[in-house]
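Numbering (the numbering used here), first residue to last: 126 to 192. See structure below.
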């Protein structure tokens, strides 16, 4: 099963745009998380910043995932 996250951002003009995060990005992120958490077992939370497009005015989406 292909795992592609599709995020919908609704602009102030009520138009929506679609952003896709590739499997390569997810795999790289997973590798980094595993790498650093294996070396430091005191890590409890991870903050990830992912820019989907360049913009002068930042509009953030905050997601929380708990295991």
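Cβ coordinates follow ideal geometry from the N, Cα and C atoms, glycine included.
DSSP places residue 145 in the strand class (E or B) of the three-state scheme. Each residue's CA atom was taken as its position, placing residue 177 and residue 171 some 19 Å apart.
If you compare the alpha carbons of 180, 181 and 175 with that of residue 146, the shortest gap goes to 175. A Cβ-Cβ contact shorter than 8 Å links residue 173 with residue 154. Between residue 192 and the set 182, 169 and 163, the nearest pair of CA atoms involves 169.
In the structure shown, the three-state DSSP call for residue 190 is coil.
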